[in-house]
Each structure stands twice: as structure tokens, then as C-alpha cells.
Amino acid sequence: MQRCASSQPLVEEIQAEEEEEEEEQEVFQETGGVNEEQVGPVEEASAQEPDGRPAPVEHKNGKRAEAGPGVADGGPRFSMFTWLMVVALLGVWSSVAVFYFDIVDYDRVLARAQEFRMNFSEVLQGKLAAYDTDGDGDFDVEDAKVLLEKTSKPEVETPTQRAPEPEEDGPGAEETSAAVPLPPLDDSHFVPDDPTEPGQRYEEEPGSIDTTGVLVEENQPEETEGESGRYQTSSKLSQEAEAEKPPKAEPEPEPQTGSTRPTESRQAADGAAEKTAEEQKEKLKKKKPKLLNKVDKSIKSEIDAAERLRKKGNLDLALKAFDSLVQQHPLSPRARYGKAQVQDDLAEKLRSNDLLQSAISMYGEAAELPDVTSDLLRAALKRRAERQQFLGRMRGSLATLQKLVDVFPDDVGLRNDLGVAHLLLGDNKGAKKVYEEVLAVAPSNGFAKVHYGFILKAENKIAESIPYLREGLESGEPGTDDGRFYFHLGDALQRVGDDSAYLWYERGHQRGHFASVWQRSLYNVEGLKAQPWWTPQETGYADLVRMLERNWKTIRDEALAVMDRSRGRFLPEEENLREKGEWGQYTLWQQGKRVGNACQGVPKTCALMERFPEATGCKRGQIKFSVMQPGTHVWPHTGPTNCRLRMHLGLVIPAPGCRIRCTDQTREWEEGKVLIFDDSFEHEVWQEANSYRLIFIVDVWHPELSQYQRQTLSPI
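For the sequence shown, the working numbering begins at 27 and goes up steadily by one.
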């Protein structure tokens, strides 16, 4: 209140003037009469002072005022300036009262304002629904921008008059390319070819060729931030690998401080860069796909509007828009292709295999329509083949790609894709024929070379495979920079005694395909501790090791009984890892599951193992007996994954001559003792004793894998 103290004399003066006014009003009441409640009780009009002046009047507030001259005429005695001052002071006092005493309930005022805005928004939605340009159901800032742009132009632009999207043919584009006839597609290919063949669902991404030439799947589990954060620390070996990576290219130095213009060389470089950019731009223009035929061009604006909805993520509205176009224009290939794309996007968003199957069918329908452009036909069938592969419809994908090759016989890229489809189906013979055809017309094609070399390597044509693998990798063409090809080239070179194998392993490591020159597994989880040899304490599976070593004789006797009764239970090693000799295996668990009735032959061993889920549930490992005859040598090789550790329990170990090397350390087995190593590191085996060697192999999960990872990693 101190801020208003300086106005106190002025207030007193105004109060005095008010009292005088009230006296005048009282006199007026005596003559004309007024409402008594407005001015309070009045003394008798005849009351006078001895000097003849009217007597003072008593007011309701208890103050007295003297009657002065001019009362009789009833006119005011104050000017307009006085009124203005009164109003100003009232405003000041009101503001002070509101500020200091919270007279106004601001929360209530804000609530009323929000209610008003909501009501006004409803009015806007009703009145301005026609300007809901982005189709999100309301009139918002984006819609207002469009409205302002329209009102600022001399002519209002309707949605069908908007400029076309960059990827579509604009008005005045070249005439549609000639229609390409297409043999009818058979949807019967969509069903899995083999009921036992696992389909590639959204839970498992399709993989490629593994280190043994067999197709496997690989997908990394989705972890929460907390889970993944526990295993982000790289091992020493992976840190060394990171340090060995080639340094990034240094950025081009800027002109020195104070320089007002670039040097002539810099100007020349800039000019060359601009010229290159322009040339690339022209090439892109020339290669721009023609997706619209005459029917599509007649409804291009509607197609563009639906495509914008798809690109903005309004998939439900986009699906309705394309579905409406398909109903209204059944001969529009672009409308069906757009609908297939939306279904494809929705399938990925909702992880729905049913929606993905609908998209696959719609891609096929788009390609079957008459007058479909060659570019749209190619795009639709290529995507169809990819999504069929994703669902595990390998034969259906192969049939789709074969139709593409029939329509475009000179397209080497499509033939290469067809070869991959044969490999994914396990048909190396069919793939080999395809790549021979490619190399006959394009002998320098690097993609065909690495795949053809891989097939030769799988056929154990080691020396023949080397030049194809090497030249394919050296080409640097897309699709050749794959760890599998570095792996197989190095392996082939090792087998022919060529030490340059490690140069290729090093190159594969530098390219990020291998954790190190020694650790060359291809299906990995990053950040796991990496070392070739382990102790039981380091693994955390000491109880399992103790159980194996305490019961080794029981396990040995059951294995020997099976060997004596039927050697047929021990199947020969089929991974092409032997240089020479005989090596048989009797598998109890594979990919975390029991193998048939194998445990019936060794029930005690299986009962012992059932207590250790880290072994029986290891989907990336095995539990098996391994018997190796004298004179056997196993090539240097690595396992497929860093997600497991391998235990070897010695059962029958003739001495001397049985040894195993992992990296640069060589050890020997002992009966009743367990050796533990990480088989993702290079290892090699010799059996040079006078009789067979028998061991029990138990794979366990890498101890640093979380429970979530163990449950969700794909089997190998």
C-alpha cells in the first residue's frame, strides 16, 4: 500500500468535494424528494445555524459537511478533470486490490477460457472442415498454412491441381513405355513347399548363406534400454579390433583465416564437383521410372493425394484412398501397386503376416493388369519376391523371379537375384547354372563371381573356387562385400597352403565382418567377452563341469555300449571340415531340442544333462559324442557364432597324438577332465594316435548373454 501514499492529499480533497455534493443532494431532496435509501436520513429542512446558514447534515458514514453557497441552485461544483482523476484512482485501487487480495479467481477464468476455446474449435471444425487438407480430422496449423497460401493466390488451387510428387511422372512427361506381356501368376506358390520347412515370419528375419553353405536365419533380439545397457562394454579383443579399423578420411581443409576467396585449385574442384552433381542429376532424370500408364495419368492427382497420405504415415486413410481408386478404376496398375505398398507398410507396423500376404497378392495383381508399364511391373514383382522370401515362400519367390527373368532376359541383375533364390532354397545346382549363364554374357560381373566361387567351394573344388572369390571381392561391386565370401576365400587359401589367407581375413576384419583375424564367426552378439580358452570359474558353469567330471565313467560306458551295439548311430561329419580320416558324431540335443529317440541309447547321460538348461536349452549349440579314428586331421575352422562356449569331456584318450589348437595355443585331452574353449576362434584338430579318440561335447550359452537374449536368439 505504500506505493499509493503520495496520492493521499488528493484523495482527501476529492472526499471533501463529495461531501459538499452530498449536502447539495440533501437540499435537493428537501425540495424535490429523492429515495431516502440513497442518501440516508436527513435533518429537518428548517434547521439553520444562528448565522442563517443551513445546519450541517449528518450522513450515513458519520461525517458532517457544511452547506455552502450554490446549494440552492442544485448544480455541481466540480469539473470534468475531477471526474477523470476519480476514475483513474478507482482503477489504481482496483488493480491493487486484485493483485494483493486475489479478488479474481484466475483458475476459474482460465477454465472458462479453455471452455470457450473448445466451443470455438467445434465451430471451426464444422465451418472449416473443407480446409482439412492433411486429413487428420481437424483444422490445425498445417491446414491454416494451406488456407493462407490459397487465399494469397489469384486462383484457388484444388487438391487435384497440386504439383506432382517427385517420384511420379509429372504433367507433360514422356508417353508411357510399351506394355509388357506377363504370364499369369500362380498364387499356389504362396503356400510353404514343405510343411516342416519353417517360414520366415516377422519374428525371424531371413538370413543368407552360412559358413558351411547352409542357409540359416539370424535376427538380433529387441531389448529394452536397461537390458542392452548391461552388455555394451566391448571386450579387449573387440576394442583392439576397433582400434585397428582404418581411419576416417580427413575433411577437406577450409581456407585460412583472412582469406577472401578460394584458391584456383579450390575453384576448379568446386567447378568439377558442380559439374559432377549436374551430370548425376541428369542421369537420375533419365533413369526416372515410368510407373503411370494412360489410365493412371487420368487419375494422377488422386494417386498423388493417396501417396502423400502413405508417406505421411496416415496408413489407414491411405488404404481407404487407394482401395477407393481400385474400386473406381479396376484397370489402374498404379492404384493396385499403391494399395499393396500401404498393406506392406501396415504389415510391418502391425507385424501382421496376414496383411503381408494380402500385399503379396496385390503386387501380383498390379503386375497382371494390361498395359502395365515395364518399370511398374519390375518394381511390383521384385517387391513381391522379396516379401515371399520373408514369409518363407521360397519356391513362390523363385517362381516370381523366374517370370521376371523371362520378361527381362537381358537384365543381369535379375538373373543374379534368381541365383540367390536358388541358393536360399538349397538348390546349389540350379544356382550354379544361373551364374554360369550370367558369366557367359558378363564375364567380369563381380556379384556372379563371388556366388559362383562359393558354389564351387561348397562342392569341395577348392582350388577352382579361389580365383572367382578373389576377383569378385576385388571388384567391389554391390553385394560382394560380405563376410561369407572373405571367410570362404581365406579358408580355401588355407587348405591349399597359401599364407595370404590371413591377409584376406585381415581385410574382412577391417571391413567389419570379423571380430578379429582369429575370431571369424558371422552370427554374433556384440560386446560379449572374447577369449579362446576358459576356466570353469570364468564360465560360471562350475556345477556343470563338476557333474561331468564326477560322472565321466557313466557317460563313457553308455557311449561305448552304443558304439559296440551299432556303429550306425555315429554319423560321419558332413560339414566338409576334414582333410582326411574318419570322424563320427552321435547327437543328443540340437538347437535346444532333443534329437529323435537318441536318448534311449544313453538314458543316464541324458538324465544327468536335463538338470542343466544352459546346455540343453542352448539353441545355438549341440550336445553330442564325437569319435575320431587315427590318421584324421580337421582343417582350421571357426564355429558360426560367438554366443556359445564348447566343453570337451575326455572319455577315451589314447596317448600320445591327440591334440587341439585354438588360436596359437595347443592342448591335449585327458580322460575325466573338461576342456573349455570358444569355438568362434580358429581351431584345428589332429588324431595321430594308434586307436580311436572318444569325447563328449557340450555347448553352453555364453555366460554374458541375458535371459531375454537366450530366449529370442534364432537357432543355429
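From the three backbone atoms N, C-alpha and C, an ideal C-beta is built for every residue, glycine too.
Sub-8 Å separation of residue i and residue j beta-carbons
| i | j | result |
| --- | --- | --- |
| Val660 | Glu730 | no |
| Glu697 | Val678 | yes |
| His448 | Val433 | no |
| Gln428 | Gly422 | no |
| Tyr567 | Ile742 | no |
| Asn454 | Ala489 | no |
| Ser501 | Gly472 | yes |
| Glu781 | Val551 | In this structure the chain extends from 27 to 742, so residue 781 is not present and cannot be described. |
| Leu440 | Val431 | yes |
| Ala664 | Asp690 | For the sequence presented, residue 664 should be read as Thr rather than Ala. No; because the gap between Cβ atoms is not below 8 Å, this pair is not in contact. |
| Lys22 | Glu575 | Missing from the structure shown is residue 22; the chain here goes from 27 to 742 and no further. |
| Gly618 | Leu597 | no |
| Ala715 | Pro682 | yes |
| Arg404 | Tyr389 | no |
| Thr399 | Asn486 | no |
| Ala474 | Leu465 | yes |
| Glu584 | Lys650 | no |
Spatial distance of residue i from residue j (CA atoms)
| i | j | result |
| --- | --- | --- |
| Leu407 | Ala347 | 23 Å |
| Gly553 | Phe540 | 13 Å |
| Glu328 | Asp436 | 35 Å |
| Lys326 | Ser387 | 23 Å |
| Leu417 | Leu376 | 15 Å |
| Gln383 | Gly364 | 15 Å |
| Leu451 | Leu701 | 38 Å |
| Lys316 | Leu515 | 41 Å |
| Met654 | Arg620 | 23 Å |
| Gln616 | Gly643 | 9 Å |
| Ser526 | Asp507 | 18 Å |
| Val352 | Lys314 | 25 Å |
| Thr561 | Val438 | 53 Å |
| Leu381 | Ile721 | 50 Å |
| Leu739 | Ser652 | 26 Å |
| Gly647 | Arg670 | 7 Å |
| Asn379 | Ile581 | 46 Å |
| Trp530 | Ser470 | 21 Å |
| Gln369 | Ala332 | 13 Å |
| Leu402 | Leu444 | 19 Å |
| Pro499 | Lys338 | As written in the sequence, residue 499 is Leu, which differs from the Pro given in the question. Near 40 Å, if we compare the C-alpha coordinates of Lys338 and Leu499. |
| Asp524 | Glu463 | 30 Å |
Contacting residues, own chain, Cβ-Cβ under 7 Å from residue i (five flanking each side not counted)
| i | result |
| --- | --- |
| Val588 | Arg595, Tyr612, Gly627 and Val628 |
| Leu335 | Gly161, Leu343, Ala344 and Ala347 |
| Glu694 | Cys684 and Arg685 |
| Cys688 | Pro558, Trp559, Phe703, Phe707 and His709 |
| Gly509 | Gly534, His539, Phe540 and Leu548 |
| Glu532 | Val543 |
| Cys625 | Leu614 and Cys632 |
| Phe146 | Only weak support exists for where Phe146 lies, its pLDDT of 44 falling under 50; the coordinates are left without a value. |
| Arg496 | Leu515 |
heavy atom of the ligand COA below 7 Å from residue i C-beta
| i | result |
| --- | --- |
| Ala385 | As for the ligand COA, it is missing from this structure, which has no ligand bound. |
Contact belief for residue i with residue j at Cβ below 8 Å, rounded distance in angstroms
| i | j | result |
| --- | --- | --- |
| Asn668 | Gln536 | About 19 Å separates the two Cβ atoms, so there is no contact after all. |
| Val476 | Phe511 | 5 Å |
| Ala392 | Arg362 | 4 Å |
| Gly607 | Gly676 | 19 Å between Cβ atoms; not a contact. |
| Gly680 | Ser732 | Note on identity: in this sequence residue 680 is Pro, with Gly being the wrong assignment. That pair is no contact at about 42 Å. |
| Leu357 | Leu395 | 6 Å |
| Phe638 | Leu570 | 5 Å |
Residues near residue i in its chain [Cβ-Cβ closer than 6 Å; skip 5 each side]
| i | result |
| --- | --- |
| Ile492 | Ala518 |
| Asp371 | Leu341 |
| Met420 | Leu450 and Leu451 |
| Arg736 | Trp727 |
| Lys645 | Gln617, Gly618 and Pro741 |
| Ser261 | Caution applies to Ser261, whose pLDDT of 36 falls short of 50 and renders its modelled position unreliable; the value that the coordinates give is listed next. Once the five neighbours on either side are set aside, the close Cβ partners of Ser261 are Lys555 and Ala556. |
Below-8 Å beta-carbon distance, residue i vs any chain B residue
| i | result |
| --- | --- |
| Lys475 | In summary, chain B is missing from the structure at hand, where a single protein chain is found. |
Chain-order list of residues whose beta-carbon lies under 8 Å from that of residue i (same chain, five-residue window excluded)
| i | result |
| --- | --- |
| Glu605 | Arg521, His659, Val660 and Trp661 |
| Tyr528 | Gly516 and Val543 |
| Glu636 | Thr642 |
### Query
Which whole runs of the alpha helix (DSSP H) in the stretch 438-493 are 4 residues long or more, in chain order?
Whole alpha helix (DSSP H) segments, 4+ residues: 438-450, 454-467 and 472-484.
### Query
What runs of the beta strand (DSSP E), each 3 residues or longer, lie entirely inside the stretch 674-720?
Within the stretch 674-720, complete beta strand (DSSP E) segments of at least 3 residues are found at 684-688, 691-693, 700-703 and 709-713, given in chain order.
### Message
List, from N- to C-terminal side, the beta strand (DSSP E) runs of 3 residues or more that fit wholly inside the stretch 616-661.
### Response
As summarised for the stretch 616-661, the continuous beta strand (DSSP E) elements at least 3 residues long and confined to that stretch are 648-654, given in chain order.
### Continuous beta strand (DSSP E) assignments of at least 3 residues falling wholly in the stretch 578-611
At a cut-off of 3 residues, the continuous stretches assigned as beta strand (DSSP E) that sit fully inside the stretch 578-611 are 604-606.
### Task
Quick one: which unbroken alpha helix (DSSP H) runs of 4-plus residues sit fully inside the stretch 364-436? Chain order, please.
Fully enclosed alpha helix (DSSP H) runs of 4 or longer: 379-394, 400-416 and 420-433.
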